[in-house]
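Peer 1: Just so you know, the protein sequences line up as chains A and B, in that order. Mapping of the first sequence onto my numbering: residues 3 to 439, in sequence order. Mapping of the second sequence onto my numbering: residues 37 to 340, in sequence order. Structure incoming, see below.
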Amino acid sequence: MKTFVKSWISVLSVLLMMVFLAPAGTMAAEEIKIGVIYPLTGGAAAAGRELRAGAELAAEIANSTMADLPMTMAQNSGVKSLGGAKIKLIFKDHEGNPTLGADQAKKLILDDKVDGILGCYFSSVTKTVSAVCEQYGIPMINGSSTSPALTERGFKWFWRTTPHDKWFTKDLFELLVGLTEGKVKGVKAIPKKDIINIASACEKTEWGSHVSELIKEFSKEYKFKLRKSFLYAAKSADLSSEVRSLKASRADVMLFASYTSDAILMVKTLKAQKAQPKIIWGQDAGFEKPEFRETLGDSISGILTRTVFLPKVVEIKKLAGQVNDMYKKKTGNDLGGASARAFTGLQTWVAVLEKAGSTKPADIQKAANAIYIPGKELVVPWQGIKFASTGNEMGQNVLGSGLIGQYQKNKDGKIELEIVYPFDVSSADMIFPFAGF
Amino acid sequence: MDILIGSLFAGLLIGMILALVALGLTIIFGVMDIVNFAHGEFLMIGMYTGLLTAQGLGIDPLFTLPVAALVGFLLGIICYFGFIKFIIRGPMVAQLLGTFGLMLFLRNLALLIFGSEDRAVHTGLLVGKSFDLGLGIIVPATKLAAAGLSVAAFFAVWMLMHRTRVGKALTATALDAQGARYMGIPTERMNALAWGIGGASVTIAGALLVNFWSVNPFIGLLFTMIAFAIVALGGFGSIPGAFFAGLVVGLITEIPGFWDFFSYTFDAEWMMDVPMTSFKYMWVYVAYFLIVVFRPRGLFGWKQ
């Protein structure tokens with residue numbers, strides 16, 4: 003009996019030793035835990051799946067060696083400066099609910115002891131989650147929320163890689179100026195007086211009214227004449243008096259911030275009223291939805307919309323093409339605005355950790371404020387990633403840029419979005435002026 | 037100038053359709069002294085009927101008027117016999133709350149069946165086509181057709197009320213139900229008929245509207261309010277009043293257009309800065325308020 007107990011004690015002690023010693027042996031390849039909060043169920047679940055797949059793909063690339071991918075994180079397995087530590091993503095679902103998002107963030111920080119947070123797509127959720135991170139002093143990188151206010155709060159633990167609505171609106175005015183300077187592919191320089199009159203109609207929730215204000219600001223700054231500017235209810239069943247008002251302004255450029263059904267109704271009404279401005283531009287959202295294209299068909303040829311990622315980028319940028327192939331193999335779909343930005347968000351996390359060489363929040367903070375990722379390492383068509391560490395846009399990537407796409411009919415007679423801005427990545431000649439419906 | 041004439045034209049066209057929307061309300065009120073809060077929901081049902089029939093058969097909603105009329109007629113009759121007949125015996129408050137309940141019921145039923153998203157007609161014979169009347173005035177074909185058919189429907193109802201025995205019986209019931217009953221007029225059936233005609237005329241208006249308006253289960257309230265304004269303006273129970281007031285209200289909804297005309301004619305910056313289109317329905321309610329305060333009988337009203 004005694005020997006039996008003795009042998010058991012020795013077996014147990016060996017086991018115990020193994021338990022204690024095992025982590026020491028693998029200490030070099032420790033895991034780095036990143037909490038990722040996305041809308042994985044609910045109304046935006048489709049976007050959530052894309053976001054998740056984008057972040058997962060970036061983690062896979064970071065955790066293995068892929069010499070043919072021209073990005074730093076593909077060159078070594080894991081984070082080199084942390085002894086090849088692997089990135090481990092812990093996903094949580096916020097269902098589009100800011101309160102739930104904040105709870106998930108607390109769970110990740112307190113229970114899972116994550117080293118940082120990535121998320122959350124919805125600006126409203128990013129707002130609450132970043133407040134939790136700020137409170138606990140945990141770094142958070144945001145890849146895809148575009149409300150300008152997020153980086154205007156002076157947070158010390160929040161960085162955003164995506165450009166926001168202010169940038170997108172500025173892009174439009176840069177395009178207009180580019181038109182007058184002959185910078186646009188396929189269009190000769192036109193006198194400014196031909197496009198000086200602007201009119202805008204934006205839906206009246208927080209997003210649209212904010213865009214409307216931005217249009218006002220920028221038209222002053224760029225010296226365009228805003229002849230008409232109003233808000234309308236996105237739920238409107240009829241926009242004919244709005245469209246007549248736009249027409250009456252004799253604007254050369256008509257700008258819209260619309261959700262899906264109102265974007266369709268707006269363009270339908272413009273068509274019925276035979277409106278013929280020289281430029282029609284939509285601030286993403288409704289103007290980029292598949293329904294917009296399907297419902298309106300050929301009549302949208304020539305309409306512009308801002309966007310962040312288009313399949314065309316893949317054709318222009320080799321790296322984006324390579325990553326797209328991997329993404330397609332993984333999910334069956336092409337990279338989109340959500341997945342490409344989620345990918346870039348996690349890529350930025352890896353680069354920051356690499357630079358920090360530590361998982362201490364203070365070191366990460368220092369590294370994030372000093373990080374620079376050149377544009378050629380990104381799948382998105384930006385000049386790079388570099389965060390503002392002072393001023394009134396703390397934590398905002400200053401090298402991002404949006405895209406402006408134009409619906410054009412391709413050789414097969416299908417309507418596709420071609421890139422017309424930025425000028426150096428434009429994929430087709432711009433149709434100018436808008437030919438009418 | 038084209039802005040002014042364009043707005044005038046648009047106001048009159050939409051006014052003709054709005055008049056038809058209000059017609060049902062004024063008939064029901066005229067005959068039975070009951071205010072139907074669910075009127076807008078009848079319109080919503082008419083819009084869905086037009087839309088779904090058109091999509092099902094692959095035709096323009098303009099051609100679905102008979103179906104919409106039948107649905108509206110039956111709906112009116114069913115509502116009368118299944119519901120109104122009972123609450124009409126109660127006090128005025130019961131009638132108000134009763135039709136209010138009917139409104140909530142129909143709206144939520146539509147929400148359950150159709151969901152909350154907007155639906156609209158995107159294809160059809162006239163959809164997307166428009167006429168250029170010169171002077172820069174452009175009239176969408178669907179609107180013109182809808183306005184024309186509205187006037188036709190309006191005229192048909194007017195003829196029914198004034199040139200037929202049934203119409204006379206309806207008028208008699210409206211004037212003095214008890215007297216009419218003594219004269220052998222089946223007033224119960226007349227009441228039901230008023231609901232039927234009222235329902236049919238508003239569902240026809242719905243099927244016309246859906247040619248260029250999108251529909252969702254909540255669309256009714258806007259039209260209930262507008263119909264109230266029209267009926268108050270034209271006088272409760274007055275058919276010509278409803279037509280005339282419809283045109284006036286149509287023009288009122290075009291106030292932003294007139295505003296634009298003046299702001300560009302005088303090139304007044306401050307006028308251009310006023311977001312008039314955001315308040316286009318406000319003026320309708322202002323008119324409603326004024327008429328209720330200063331002339332509760334309305335312009336053509338004959339009922340106290």
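Cβ atoms here follow ideal geometry from the backbone N, Cα and C, with glycine treated the same way. Note that the structure is a prediction, hence the values are computed from the model and not measured.
#1: Name, please, each residue of chain B whose Cβ falls closer than 7 Å to the Cβ of A259 of chain A.
#2: Which stretch, first to last residue, makes up the beta strand (DSSP E) that contains Y374 of chain A?
#3: Going along chain A in order, which residues have a C-beta closer than 7 Å to the C-beta of I255 of chain B?
#4: Taking the beta strand (DSSP E) that Q408 of chain A falls in, what are its first and last residues?
#5: Using a C-beta cutoff of 8 Å, does K273 of chain A count as contacting chain B?
#6: Excluding sequence positions up to five away, which residues of its chain have a Cβ less than 6 Å from the Cβ of L196 of chain B?
#7: Put W351 of chain A into one of helix, strand or coil per three-state DSSP.
#8: Of the residues B:R201, B:G170, B:G235, which one's Cα is nearest the Cα of P222 of chain B?
#9: If you reduce the DSSP assignment to three classes, tell me which class R54 of chain A lands in.
#10: Taking the DSSP output, what are the residues bridged to S166 of chain B?
#11: Scan the stretch 244-257 of chain A for residues whose Cβ lies nearer than 7 Å to a Cβ of chain B and list them as they occur along the chain.
#12: Would you give the residue range spanned by the beta strand (DSSP E) that E183 of chain A belongs to?
#13: Compute the Euclidean distance between the alpha carbons of V400 of chain A and G386 of chain A, then round it to the nearest angstrom.
#14: Starting from the beta carbon of I174 of chain B, find every residue of chain A whose beta carbon is closer than 7 Å, and list them in chain order.
#15: Keeping to the same chain, check which residues put their C-beta closer than 8 Å to that of P97 of chain B; ignore five residues upstream and five downstream.
#16: Helix, strand or coil, according to DSSP, for C204 of chain A in the structure here?
#17: Using only CA atoms, which one of A:A250, A:V38, A:I34, A:E33 lies nearest to G347 of chain A?
#18: Run through DSSP, which three-state label would Q398 of chain A get?
#19: Can you name, in chain order, every residue of its own chain whose Cβ lies under 7 Å from the Cβ of W176 of chain B, other than the five neighbours on each side?
#20: What is the DSSP secondary structure of A259 of chain A, reduced to helix, strand or coil?
#21: With DSSP as the reference, label L54 of chain B as helix, strand or coil.
#22: CB-CB under 7 Å to G103 of chain A, same chain, minus the five flanking residues each way: which ones, in chain order?
#23: Spatial neighbours of L91 of chain A within its chain, please: CB distance less than 7 Å, with the 5 preceding and 5 following residues excluded, ordered by chain position.
#24: Given a threshold of 16 other Cβ atoms within 10 Å of its Cβ, counted over all protein chains shown, does P102 of chain B qualify as buried or as exposed?
#25: Would you mind giving the Cβ-Cβ distance between G359 of chain A and S79 of chain A, rounded to the nearest angstrom? I have them listed as a contact below 8 Å.
#26: Does the Cβ-Cβ distance between Q408 of chain A and L312 of chain A come in under 8 Å?
#27: May I ask you to verify whether the stretch 357-371 of chain A touches the stretch 328-339 of chain A, counting CB pairs closer than 8 Å and requiring at least 3?
#28: Write down the C-beta distance between I262 of chain B and V320 of chain B rounded to the nearest angstrom, noting that I regard them as a contact closer than 8 Å.
#29: Are the beta-carbon atoms belonging to I200 of chain A and L241 of chain A less than 8 Å from one another?
#30: Specify the secondary structure class of F232 of chain A as computed by DSSP and reduced to three states.
#31: Mind listing which residues of the stretch 262-295 of chain B have their C-beta closer than 8 Å to chain A's C-betas, in chain order?
#32: Compare the C-beta of R295 of chain A with all C-beta atoms of chain B and state if any pair is closer than 8 Å.
#33: Which residue or residues does DSSP assign as beta-bridge partners of E32 of chain A?
#34: Using a 10 Å radius around the Cβ and a threshold of 16 neighbouring Cβ atoms, would you call F336 of chain B buried or exposed?
#35: Determine the extent of the beta strand (DSSP E) in which N72 of chain B is found, giving its start and end residues.
#36: According to DSSP, simplified to helix, strand and coil, what is M83 of chain B?
Peer 2: Let me spell this out:
#1: None at all; the shortest Cβ gap to chain B is about 14 Å.
#2: Run containing Y374 of chain A: none; DSSP gives neither H nor E here.
#3: A239
#4: 405-411
#5: yes
#6: G203
#7: helix
#8: B:R201
#9: helix
#10: B:P176
#11: E244, R246, S247, A250
#12: Looking at the DSSP string, E183 of chain A is not in any beta strand (DSSP E), and its letter there is neither H nor E.
#13: 8 Å
#14: Q275, K276
#15: G86, L87, T89, A90, V157, G160, A243, L244, V246, N247
#16: strand
#17: A:V38
#18: strand
#19: It is worth fixing the name first, because residue 176 of chain B is Pro in this sequence and not Trp. Taken in chain order, the residues that qualify are S166, F248.
#20: strand
#21: helix
#22: I39, H96, C122, V127, T130, V131
#23: I36, V38, A57, E58, A61
#24: exposed
#25: Contact flag wrong, Cβ pair sits at about 16 Å.
#26: no
#27: no
#28: 6 Å
#29: no
#30: strand
#31: T289, E290, P292, G293
#32: no
#33: Bridge partners of E32 of chain A: none, in fact.
#34: buried
#35: First-last for N72 of chain B: undefined, no H or E at that position.
#36: helix
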